[in-house]
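**Q**
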Amino acid sequence: MQVQPVNTYSCKKALIFVFRRGVRYFVLLLTSVTVSSVYAQTEKMIKKSQSGNSINTQAVKLSDALEQSASDETVAGNYVELAKELSDKKDYVRAEDYLKRALAFYLKLKKNDRSSFVYRELARIQEMQDRIEDAITNYKNAARFTADETQKSLNQNDADRLSEPLDLALQSAYIQQNIDLAANSNSITEQISARRQMAGVKMAQNDSRGALEELEKALEESKASEETKDVSFQIKQEIANTLATDKKHGEAIGLNKELVDEARRTNNPKTEVKQLQNLATSYFEAGEASDGINSLQEAYHTAVEKSLTLDAKRVLEQIVSRYEKERKTSLALAAYSDFIGKLDTLVKNDSTLVDENFFRLQEDKIMQLEKERILKDELITKKNRYNNALLASIVLILISLAVISKVLYDNLRKNKKIALQSLRREMNPHFIFNSLNSVNQFISENNELEANKYLSSYSKLMRTIMENSNKDFIPLSTELEQLREYLDLEQLRFRDKFTYTIHVDAALDTDSIVIPNMLIQPQLENAVWHGLRYKEEAGILSLSVFRKEDGVRIVVEDNGIGLKKSRELKTAHQKARRSRGQTNTLERIHLLNHLYHTKITMEIVDKSGEDTGVVATLCFPRLDRKKMG
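For the sequence shown, the working numbering gives the first residue as 17, with consecutive numbering after it.
This is how it looks when you write it as structure tokens:
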């Protein structure tokens, strides 16, 4: 049996493959164990941190805002800040997600200026991910929501620029318009962004010199503002990459060395490691492989020293890849062995692993708090909807009750007016009947002249009464004229039975004062029919109108036989009629007081002492003619 020779290189390559797999799973295992043990301590550290730039700090701020039920605007602002931190770390997927959440709040709050800002940031992130159609849509949305004409033009130009992916000259024209707009509005951030875009277009046009000029201008502008000083580091890296593309390896190497030194001065180990990797890339492109390996080795040692496990792993993979290219598998295995030996301590001391996992836990917490907030908002919305429906029902019931009450009140008022009118008209038949009897008496006595005279006066009085029959109140002057005509008729009927006088206070304006229609006439009628006509000698009837502070007082006085003797002389039918006449008048007064909220009073008494007769006093308050007309 012949033994096959062992291929040493193949075995070493297989061993390297095993090492790679082992390192990956070992890192994941140690990370999960470490996170579970130091999570609580890390949360306390982050919450105590005064820095406002870390992703975890912003995540904690956001979760606190959600937990404390902060306003929608505050929560939206925290979403934007967290998205900015994620975008700076080039975690565009998460950044886009948080921007969309912020946008939902701003649209709900109708904050158009903030909505426009978020739409623009969304478009930029989508452009970074080469999602051009989405970016165009959001640039247009940003233009639509802003009221600022400069911002509107900037966003529309960016939308138009992305709509012309093959026309680099047209893209360049749109970018130049944005540079000019940003310069005129003193927007350094927009100016720098536009120049970096212009550098990209120049590179696509193979104009590396033009690209470098734009980046140099952007670098100068970034130094002019505190807000954009952090951007200068990124611009320098872009300049270095442009120099390398332009085969200016010496300048690219020199600039990358400056960036490494700057990272060390600012005590930023992650950036230092990254820049050493970039320096190594520049060395390799320049054909200086040895210096490139040395830069990678320096980056690896820095990552291990600063306990940056994942960075050390990535640098290690680059080193191994270079050794494999050069078929130096022994060195590659040695590098893996070194990493495996340090991995346990490295992971335990690596705060970045804990931070990364802490952020994932914070994200889970944020998602849970968001769900709780949505449920709470839904409950509040349902409660508000129920309360609004209840309030609307109460308002509707109150309105219905008000309408019903008004209808009932109007109907009651109408009924009372009808009753009042009925009572007023009920007083006329008796007077008409008596008047017609008088005419009949004149005719039977062949006294044609008196009959004609009586009918003439009667028709004049009836015309006046009929003209005012539908009115509850008439001017005092009109009422006095009616009463005078009535008394003249009664004098014709009862010859030589009485004389009358009408006295009106000179201070009264009888045209402007209104009183109830035909309310005094029954008192005159009673004085004539139940008092004066029974006297053997001629009696006296006086009607006096006096001015009162709050209205008018009217007194009807006669020297007839008086109330007591009149009752003794009356038949049963006359007593009933007398009673109904007084009741009618009292009912009218009651209805007038209720309908018009007045205080009309009436008093009827016998004269005292030796004098006989009756005194009827009616008091009327001052009434507004416009309201009572």
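C-beta: ideal position from N, C-alpha, C; glycine also.
Here the structure is a predicted model, which is why all the values come from computation and not from measurement.
Could you tell me whether the segment 527–539 touches the segment 482–497, where touching means 3 or more Cβ pairs closer than 8 Å?
**A** yes
**Q** What do you reckon, are the CB atoms on residue 269 and residue 298 nearer than 7 Å?
**A** yes
**Q** Can you tell me whether DSSP reads residue 117 as helix, strand or coil?
**A** helix
**Q** Which residue marks the beginning of the beta strand (DSSP E) containing residue 564, and which one marks its end?
**A** 555–564
**Q** What does DSSP give as the partner residues of residue 516 in its beta bridges?
**A** 557
**Q** Relative to the alpha-carbon of residue 291, which residue among 305, 314, 303, 302 has its alpha-carbon at the smallest distance?
**A** 314
**Q** With distances taken Cα to Cα, identify the nearest neighbour of residue 628 among 598, 543, 404.
**A** 543
**Q** From residue 304 to residue 353, what distance separates their C-alpha atoms?
**A** Taking the straight line joining both Cα atoms gives about 26 Å.
**Q** Assuming residue 359 is part of the alpha helix (DSSP H), what are its boundary residues?
**A** 345–365
**Q** For residue 66, count the other beta carbons within 10 Å of its own beta carbon; 16 or more makes it buried, fewer makes it exposed. Which is it?
**A** A caution first: residue 66 carries a pLDDT of 36, below 50, which makes its placement in the model unreliable, though a value can still be read off. Per the 10 Å Cβ criterion, exposed.
**Q** Using DSSP with H/G/I as helix, E/B as strand and the rest coil, what is residue 620?
**A** strand
**Q** Around the C-beta of residue 646, are 16 or more other C-beta atoms found within 10 angstroms, so that it is buried, or is it exposed?
**A** Coverage of the chain is limited to positions 17 through 645, which leaves residue 646 absent and any answer about it impossible.
**Q** Taking residue 568 as part of the beta strand (DSSP E), name the residues at either end of that continuous run.
**A** Looking at the DSSP string, the run of the beta strand (DSSP E) that includes residue 568 is 567–574.
**Q** I'd like to know if the segment 128–148 and the segment 162–169 are in contact, where contact means that at least 3 CB-CB pairs between them fall below 8 Å.
**A** yes
**Q** Let me know the secondary structure DSSP gives residue 632 once reduced to three states.
**A** strand
**Q** Return helix, strand or coil for residue 489, following the three-state DSSP convention.
**A** strand
**Q** Specify the secondary structure class of residue 181 as computed by DSSP and reduced to three states.
**A** coil
**Q** Measuring alpha carbon to alpha carbon, tell me which of 417, 509, 396, 419 ends up nearest residue 448.
**A** 509
**Q** Note down the Cα distance separating residue 327 from residue 261, rounded to an integer number of angstroms.
**A** 25 Å
**Q** Less than 6 Å between C-beta atoms, sequence neighbours within five positions excluded: which residues of the same chain meet that for residue 112?
**A** 141.
**Q** Could you say if the segment 568–578 and the segment 545–560 meet the contact criterion of at least three C-beta pairs nearer than 8 Å?
**A** yes
**Q** In or out: residue 553 buried (at least 16 other Cβ within 10 Å) or exposed?
**A** exposed
**Q** For residue 231, which residues in the same chain have their Cβ closer than 8 Å to its Cβ, ignoring the five residues on either side in sequence?
**A** 211, 212, 215, 251, 254, 255, 258
**Q** Answer yes if the segment 317–331 comes into contact with the segment 354–361, meaning at least three C-beta pairs across the two stretches below 8 Å, and no otherwise.
**A** yes
**Q** Closest to residue 639 by CA distance: which of 408, 616, 501, 236 is it?
**A** 616
**Q** Taking the straight line between their C-alpha atoms, what separation do you get for residue 55 and residue 236?
**A** Since pLDDT at residue 55 reaches only 45, below the 50 mark, its modelled position is unreliable, and the value read off the structure follows with that caveat. Taking the straight line joining both Cα atoms gives about 43 Å.
**Q** Which runs of the alpha helix (DSSP H) spanning at least 4 residues fall entirely within the segment 205–281, listed in chain order?
**A** 224–238, 245–261, 265–281
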